[in-house]
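Here the structure is laid out as C-alpha cells; the discussion comes afterwards.
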RNA sequence: CGGGGUGUAGCGCAGUCUGGUAGCGUACCUGGUUUGGGACCAGGGGGUCGAAGGUUCGAAUCCUUUCACCCCGACCA
C-alpha cells in the first residue's frame, strides 16, 4: 500500500474529549473516528487491526471445532419475551418498531436467537455437543458511553454458544474455552488474568472473566499476592474476618444511645471495636413487577458489595432507600437491627455473622441499641455473602495478602445450564428417549474493545506501538524527500520487491517533509520503519525500531535481506 | 437517571458579561523557495455562530424552548 492511496487522516491535536491514551492515539493516528455518542467508524487501518484480531480469534475458535455463523442484528422482540429477558434486561436493550408497529430489539447478545435457530433442528443427543459462534456487531444502549471504542454503544464481539446433553459435557467445553481464550490473549501479547466473576443478568453459574490489567480499567480485581486466586470484586471471597481485639462480653440488654446513628458513634459510645457492631444497609430493590425495601446486615467494619446484595434478593436493581420509604415500613434509620423486625420486611445477613455472639446492633427503637446479641435462630436462607472484599482482607485459599487492581474485561465465559433452553422450550431426546432441555455455555470476546486494549497496553508519549500480530503494516518505508530521484527510486524498488513477496509494507510516498513522516510513523506505531534519506548518497539507509526508537544504519545492498530476516 | 460543562471554518479556540461589518491558530488550495524531526514567503477558498421561536432599527451576544456532545456519579450480559 502506498501512503498516497491510504485514507489515514492523522492530526497533531487530540479531540478535546479524549482522556485515555488509546482513545487519543486511535483518533489522532486515523484508526477510528467518532460520529455519535458511543458510535465509531473504523478507518482503513482501524479495520486492518480489527481484522487481525478477528483472524486470531477465528483461528483459535475453529481449531476447537466450533462453527462460525452470522446472526442478525435486528431481533423480533417476541424471542426476547420467550426467554423472559425482554422485561429484565433494562434500558441497555434498544427497542424499536417497524412500519407495522411490531416490536424489535437490536441484539446486545444472542442467546435467544441461537436457541431459536437450533430449536427443532438439533433434536437428538447424537447431534451434541455443538458449538456455534459469530463475530459481529452488537448494540447496547449504554447509559454513558465513554473512553472511545473501549465502551461504545455499537461494538464487535465474538460470541459463542455451545449445546450439550449433560452438565459434564458443558463443563468440558467451558474448560476448553478457558484454554482457548488463554491462547488468544497470549497470541495478542496481552498481560491478562482469569478471574472468578459474577454472571450478571445473563444468568448461569461459574463464570470467569478475562481481564487485562490496566490502570484505566473499569473493574476492580482482587488478586492474591501469594497464590493464583483472582476475582472480580463483585464475586470475590475472603478468609473469614477475625480480630485480636477483646470480645466485649455482655448480657443481653438495651441501652439508651443518643446521637448514635453511625457505626463510628456506636463503637465510640460503647468503647468497643467496630468489628463487634452490626451495620444495617437499607436499600430499595426494584423487581419486574414491584419494589420493596430490603435490609442487609454486615459487620460494622465491612462494606456492602452491591452486586452480591442484588443477587441475594434477586432484584433487577438496587437503589438507596430514602428516609420516607424507611419510615413508612416502621424502620428507624441509624437504629435498625435484625431482631424484632416486622415479619413483612425482607432482610439478609452476611455469612460471617452467622452464630456470632456479643454483638451490638440497633434495637429498632429511636436512640436505643441492643448489646450482647447472638446471631442464632435465623432461617438459613437469610445468610448470604454480602461483603465487599478489600486489600486488608486475606485469601481464603492460602491466607495470603490481597491486592486490588484495575482491569479491563476482554472475555467472559459462562456456564448457562438449562436456563435458556427451558424458558424457550429447546429440547432433545437423550439415550433413553427422554425429552431434555439443552445444557448451554456461552463465551464472549470483546473484539473491537481489544483494538483499544492493545493500545492501552502498548504505547508511549509519541503514539501507538503495535506488535506484529495486530499492526496494519509491519514496515513503513519512508522516502525522506520524494523530489530526490535516487531516494524515490530506491524506496519504490524495495517496496515493490517486498510487496511482491507478500510482506506487509507501506510506502510513505507523500509530498511531506521528513519530520511529518517520521512523526506519523511514531504516532501510528508500525513496528519498523525504513528511512531512505540523506544517507543514500553514501549507500546507507536506516532501520527504526518503533518500540525502542533505535535507528540502525545498513548498506543498501544488505538492507533487503535484513528486512526479510526480521519480518520472516 | 441525578449533578456539572460545552456547542462559533475540517480540528483546537477567542468573541457572549456591556447587542452594531464573525476572528485567531492549525489544516486546506495556488505559485515560488526549501527538504533528516510537523519549514518559509506571497496570494486564496471555506461559517445559515447547534436548532426553533421571541425582544430589538439591529442578535453569535439578551429571553424562552429544544437538540447534540462531553465530564463526575449511578448503571454496565
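In our numbering, the protein residues as written are 50 to 617.
Glycine included, each C-beta is placed from N, C-alpha and C at the ideal position.
These numbers come from a predicted model, not from an experiment.
Are the CB atoms of residue 511 and residue 531 within a distance shorter than 7 angstroms? no
Secondary structure of residue 363, DSSP reduced to three states: Residue 363: coil per DSSP, three-state reduction.
Could you pull the start and end residues of the beta strand (DSSP E) that residue 329 belongs to? 327 to 335
Look at the alpha carbon of residue 83 and the alpha carbon of residue 506, and state the distance between them as a whole number of angstroms. 22 angstroms
Might you give, ordered along the chain, the residues of its own chain that have their beta carbon closer than 8 angstroms to the beta carbon of residue 472, omitting 5 neighbours on each side? Short of 8 angstroms from the beta carbon of residue 472, and not among the five residues preceding or following it, lie these beta carbons of its own chain, in chain order: 131, 132 and 133.
Count the other CB atoms within 10 Å of the CB of residue 337; is the residue buried (16 or more) or exposed (fewer)? exposed
If distances are taken between C-alpha atoms only, which option among 394, 278 and 315 comes closest to residue 444? 278
By DSSP, does residue 90 sit in helix, in strand, or in coil? Residue 90: strand per DSSP, three-state reduction.
Look at the Cβ atom of residue 321, then the Cβ atom of residue 297, and state whether they are nearer than 7 angstroms. yes
Does the contact criterion of 3 or more C-beta pairs under 8 angstroms hold for the stretch 208 to 219 versus the stretch 169 to 189? yes
Are there three or more Cβ pairs, one per stretch, closer than 8 angstroms when the stretch 214 to 232 is compared with the stretch 489 to 505? yes
For my contact list, residue 154 and residue 144 are in at a C-beta cut-off of 8 angstroms; report their separation, rounded to the angstrom. 5 angstroms
Taking a contact to mean a Cβ-Cβ separation below 7 angstroms, would you say residue 106 touches residue 500 in this structure? no
Going by DSSP, which residues form a beta bridge with residue 488? 213
Inter-residue Cα distance where the pair is residue 350 and residue 446: Between the alpha carbons of residue 350 and residue 446 lies a distance of about 22 angstroms.
Give the C-beta separation of residue 605 and residue 594 to the nearest angstrom, bearing in mind that I take them to be a contact with Cβ-Cβ under 8 angstroms. That pair is no contact at about 19 angstroms.
Find out if the Cβ-Cβ distance for the pair residue 375, residue 415 is shorter than 7 angstroms. no
Helix, strand or coil: how does DSSP classify residue 341 here? strand
Would the beta-carbon of residue 433 fall within 7 angstroms of that of residue 361? yes
Tell me, please, which residues DSSP counts as bridged to residue 83. 89
Residues near residue 548 in its chain [Cβ-Cβ closer than 7 angstroms; skip 5 each side]: 554
Can you look up residue 284 in the DSSP assignment and give me helix, strand or coil? coil
Assigned secondary structure, residue 70 (DSSP; H/G/I helix, E/B strand, else coil): helix
Between residue 379 and the rest of its own chain, which residues show a CB-CB distance below 7 angstroms, the 5 nearest in sequence each way excluded? 391
Under 7 angstroms between the Cβ atoms of residue 557 and residue 56? no
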